[in-house]
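Novice:
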Amino acid sequence: MEKKGVEPVTHTYLGSLINPLPRGLPKTISSLCPECCKVIEGRLFEENGKVILEKECPVHGSFRDIYWSDVNLYLKAERWTFGEGHGLTNPKVTKATKCPQQCGMCNLHTSHAALGNVDLTNRCDLTCPVCFANSNVAGYIYEPSFEQILVMLKALRDMKPVKARAVQFSGGEPTLHPRFLDALRAARDMGFSHIQLASNGLNLSDPEFAMKCAEAGLHNVYLQLDGVSDDIYLKTRGRPLHEIKLKAIDSLRKAHIKVVFVPTIIKGVNDHEVGDILRLAMENIDTVSGISYQPVAFTGRITEKQREKQRYTLSDLAKDLREQTGLFTDDDWYPLCSTVPFSRFLMALRGFNSVNITCHPHCSLATYLFYNQDDPFNTAKPITQFVDIPNMLKDLNKLAGEAGKSRIKAFSKIKAFNAFRKHYKNDQAPRGLTFPKFLDQLAGLMDKDIGRAREGHQRMALMVGGMHFMDLYNYDVERVKRCVIHYAIPDGSLYPFCTYNSGPYFRERIEKKFSTPLPGK
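First residue of the sequence shown: 48, per my numbering; consecutive thereafter.
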């Protein structure tokens with residue numbers, strides 16, 4: 048697909064060559080051996096409508112996994128990329144030649160942070176079978192001091208040329224850190240415009256604690272929510288939790304904190320409830336702003352037979368949501384990197400660098416559901432069913448290039464307005480969603496400050512997406528180079544999500560370095 052208007056990026060800011068992403072199938076990629084973590088060649092190819100990854104380590108033999116379960120969605124996702132990012136001008140590692148082994152963030156990385164992650168502790172009040180960050184399993188306590196937390200936050204704000212605007216406190220269960228509320232205040236005082244928390248919701252079910260979080264600066268909670276029945280929680284979290292989740296949602300509603308559901312989806316365990324999770328979100332639409340489904344990543348040894356039984360991909364998610372809700376078609380899903388024309392256009396108008404989500408096209412799929420608040424589920428429509436998204440993206444990408452060269456920004460704004468109007472199908476939009484209201488919704492989605500602060504702003508959109516983090520069996524080095532979720536650690540280094548939590552397992556090395564043993568260990 049021709050992407051007019053934006054100059055192609057071929058090197059990072061520090062001069063490292065960016066490998067162009069190969070299109071189509073079959074293709075070869077750089078992957079990892081699940082046993083020794085050495086970089087080995089992998090081959091992606093179509094088989095019976097699925098995308099299969101095969102690779103062979105000279106020492107540990109061959110491995111095979113389902114990469115995407117629908118080849119057509121896989122190919123569609125890679126068509127909707129709009130070029131590369133440049134990475135950082137100030138990475139801590141400046142002369143790396145091997146990814147991911149020399150990570151920390153390095154000169155090979157092509158994307159800046161859309162979201163910074165700060166792990167506050169590996170302690171947790173649950174013992175979840177699917178978790179990769181639990182002190183009960185690790186045998187040690189990782190819990191940075193408040194001074195170290197400040198170093199981590201500063202590292203995210205010091206990223207150049209685009210400082211991190213959004214930060215997430217994670218764990219373990221981050222609310223267990225003795226200075227959790229101070230960490231929220233520190234993030235607010237450092238200028239983060241969006242502060243969120245990844246939590247199991249146990250402590251947040253207390254309305255008083257939720258209110259304290261809001262007063263300290265918390266905007267949003269990524270709430271672990273695997274289903275709508277305790278049968279699911281017994282399997283994924285080891286105890287019944289459904290009522291506690293509902294109490295947490297109610298507490299956060301009273302505190303005016305928005306919620307994003309984060310279900311870990313395992314084939315054969317809770318994939319039959321992805322539609323019910325969406326219905327629960329719509330029933331709580333005054334508080335829930337999105338759902339980020341996360342297909343399970345296998346963090347330990349697992350047989351090929353067991354992986355095949357439990358492997359769940361983004362295209363499985365698209366299929367299940369279509370069949371369980373009747374709201375979606377395969378045409379409604381796009382990778383997150385397809386939002387780049389929007390951010391580049393805004394950047395050209397404003398005249399300064401802003402966040403571009405230049406992640407790999409196979410990291411994610413997402414859409415927005417627009418609805419009428421009187422009857423959210425029955426009026427819900429994906430944005431693609433009343434906006435010509437393909438042509439909208441092409442036009443906006445072209446306008447981004449033109450706006451960057453133009454000295455009269457007002458003309459570019461008028462052209463963008465006309466492009467949006469041209470591609471908006473008023474007769475197919477949800478009842479009550481006029482074109483001016485649609486533009487108002489877009490402004491709130493693109494700039495979280497608008498959505499929170501504008502008087503009278505009434506939300507009419509729900510983000511529905513899937514983010515498939517990698518494990519050693521489906522690892523693609525080019526994906527990790529483009530990661531937009533960056534962990535900060537106590538010495539100020541930064542790591543992409545999928546080098547921190549899988550691959551060479553930097554999480555384990557770093558936590559051990561900055562940890563204390565559990566009593567009796």
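In this text, a Cβ means the ideal position worked out from N, Cα and C, and glycines have one as well.
Everything numeric in this text was worked out from a predicted model, so none of it was measured.
Per DSSP, ASN164 is paired with what?
Specialist: Translated into the one-based positions of the sequence shown, residue 164 becomes position 117. Paired residues: GLN215, TYR534.
Novice: Name the DSSP bridge partner or partners of HIS241?
Specialist: For this step, residue 241 is matched to residue 194 along the sequence shown. DSSP lists ALA213 as partners of HIS241.
Novice: If I follow the unbroken beta strand (DSSP E) through ASP112, where does it start and stop?
Specialist: Counting from 1 along the sequence shown, the entry for residue 112 is found at position 65. Start and end: 108-115.
Novice: Which class does PRO429 belong to by DSSP, given the choice of helix, strand or coil?
Specialist: Looking up residue 429 in the sequence shown gives position 382. Strand at PRO429.
Novice: Check whether the Cβ atoms of ALA213 and ALA535 sit closer than 7 Å, and answer yes or no.
Specialist: Looking up residue 213 in the sequence shown gives position 166. Looking up residue 535 in the sequence shown gives position 488. No, Cβ-Cβ distance for ALA213 and ALA535 is not below 7 Å.
Novice: Here's the rule: buried if 16 or more other CB atoms are within 10 angstroms of the residue's CB, otherwise exposed. What is PRO423?
Specialist: Walking along the sequence shown from the start, residue 423 turns up at place 376. When all chains shown are included, PRO423 counts as buried.
Novice: Can you tell me where the beta strand (DSSP E) holding THR372 begins and where it ends?
Specialist: What you label residue 372 is simply residue 325 of the sequence shown in a count that begins at 1. Taken as a continuous stretch (DSSP letters only), THR372 belongs to no beta strand (DSSP E), being part of the alpha helix (DSSP H) at 361-372.
Novice: Give me the DSSP bridge partner(s) of ILE338.
Specialist: Indexing the sequence shown from 1 puts residue 338 at position 291. Answer is PHE308, VAL511, bridged to ILE338.
Novice: Ignore the nearest five residues each way along the sequence and tell me which others in PRO551's own chain have a CB closer than 7 Å to its CB.
Specialist: Along the sequence shown, read from residue 1 onward, the residue named residue 551 stands at position 504. Excluding sequence neighbours, PRO551 sits near CYS84, PRO147, GLN148.
Novice: Report the three-state DSSP secondary structure of PHE417 (helix, strand or coil).
Specialist: The sequence position of residue 417 within the sequence shown is 370, counting from 1. In the structure shown, PHE417 sits in a strand (DSSP, three-state: E or B).
Novice: Assess contact between the region 121-135 and the region 164-174, defined as three or more Cβ pairs (one per stretch) separated by less than 8 Å. Is contact present?
Specialist: In short, these stretches do not touch, since the Cβ pair count stays below three.
Novice: For ILE313, count neighbouring Cβ atoms within 10 angstroms of its own Cβ and tell me buried if that reaches 16, exposed if not.
Specialist: The sequence position of residue 313 within the sequence shown is 266, counting from 1. Its Cβ being crowded by 16 or more others within 10 Å, ILE313 is buried.
Novice: Decide yes or no for the touch test of the region 207-225 against the region 237-256: beta carbon pairs closer than 8 Å, at least 3 of them.
Specialist: With the cut-off at 8 Å, the region 207-225 and the region 237-256 touch.
Novice: Below 8 Å CB to CB, which residues in the same chain sit around LEU396 once its five sequence neighbours on both sides are set aside?
Specialist: As a position in the sequence shown, residue 396 is number 349, starting the count at 1. If we look at LEU396 and ignore the five residues flanking it on each side, its Cβ neighbours are ALA450, LYS456, SER459, LYS460.
Novice: For ARG90, write down the residues that DSSP places opposite it in a beta bridge.
Specialist: The residue labelled residue 90 in the question sits at position 43 within the sequence shown. Paired residues: THR75, GLU101.
Novice: Check for me: the alpha helix (DSSP H) holding TYR121 runs from which residue to which?
Specialist: What you label residue 121 is simply residue 74 of the sequence shown in a count that begins at 1. Run containing TYR121: 118-126, per the alpha helix (DSSP H) assignment.
Novice: Is the Cβ-Cβ distance between ILE430 and TYR418 less than 7 Å?
Specialist: Your numbering for residue 430 matches position 383 in the sequence shown. Your numbering for residue 418 matches position 371 in the sequence shown. No, the pair does not count as a contact, with Cβ atoms beyond the cut-off.
Novice: By alpha-carbon positions, which one of ALA476, THR426, GLY264, ALA124 ends up nearest to ASP435?
Specialist: Stepping through the sequence shown from its first residue, residue 435 is reached at position 388. Minimum Cα distance to ASP435 is reached at ALA476.
Novice: Do the region 365-382 and the region 292-310 meet, that is, are 3 or more Cβ pairs less than 8 Å apart?
Specialist: Segments in contact, no.
Novice: Considering just the uninterrupted stretch of the alpha helix (DSSP H) at PRO483, what are its terminal residues?
Specialist: Position 436 of the sequence shown, counting from 1, holds the residue named residue 483. Start and end: 482-493.
Novice: Just confirm the distance between the C-beta atoms of ALA160 and HIS533, as a whole number of angstroms; I'd bet it's less than 8 Å.
Specialist: Here the question's residue 160 lines up with position 113 in the sequence shown. Here the question's residue 533 lines up with position 486 in the sequence shown. That belief holds up - the Cβ atoms of ALA160 and HIS533 are roughly 4 Å apart, short of 8 Å.
Novice: Compare the Cα-Cα distances from ASP236 to each of ALA211, GLY264, ASN250, ARG226 and report the closest residue.
Specialist: Here residue 236 corresponds to residue number 189 of the sequence shown, with the count starting at 1. Out of ALA211, GLY264, ASN250, ARG226, GLY264 has the C-alpha closest to the C-alpha of ASP236.
Novice: Can you tell me where the alpha helix (DSSP H) with SER390 in it begins and where it stops?
Specialist: Counted from its first residue, the sequence shown places residue 390 at position 343. Unbroken alpha helix (DSSP H) run through SER390: 387-397.
Novice: Report all residues from its chain with a CB closer than 7 Å to the CB of ASN438; omit the five preceding and five following residues, and keep chain order.
Specialist: To locate residue 438, count along the sequence shown from 1; it is residue 391. HIS470, listed in sequence order.
Novice: Rounded to whole angstroms, what's the CA-CA distance from GLU82 to PHE392? Just pull it up for me.
Specialist: The count along the sequence shown starts at 1 and reaches residue 82 at position 35. The count along the sequence shown starts at 1 and reaches residue 392 at position 345. Rounded to whole angstroms, GLU82 to PHE392 spans 44 Å at the Cα level.
Novice: Would you identify the three-state DSSP class for TYR522, choosing helix, strand or coil?
Specialist: Stepping through the sequence shown from its first residue, residue 522 is reached at position 475. In the structure shown, TYR522 sits in coil (DSSP, three-state: anything other than H, G, I, E or B).
Novice: Check VAL343 in the structure and name its three-state DSSP category.
Specialist: Numbered from 1 along the sequence shown, position 296 holds the residue referred to as residue 343. The answer is coil: DSSP assigns VAL343 none of H, G, I, E or B.
Novice: Considering only C-alpha positions, which residue in the set ALA365, LEU68, GLY96, GLU54 is nearest to VAL524?
Specialist: As a working mapping, residue 524 is identified with position 477 in the sequence shown. Nearest of ALA365, LEU68, GLY96, GLU54 to VAL524, Cα basis: LEU68.
Novice: Once the 5 residues before and after TYR520 are set aside, which same chain residues still bring their CB inside 7 Å of it?
Specialist: Walking along the sequence shown from the start, residue 520 turns up at place 473. Excluding positions up to five away in sequence, the list reads PRO81, PHE110, ASP112, PHE345, ARG354.
Novice: Among GLY512, VAL209, ASN119, whose alpha-carbon lies nearest the alpha-carbon of VAL309?
Specialist: Here residue 309 refers to the residue found at position 262 of the sequence shown. Answer by Cα proximity: GLY512.
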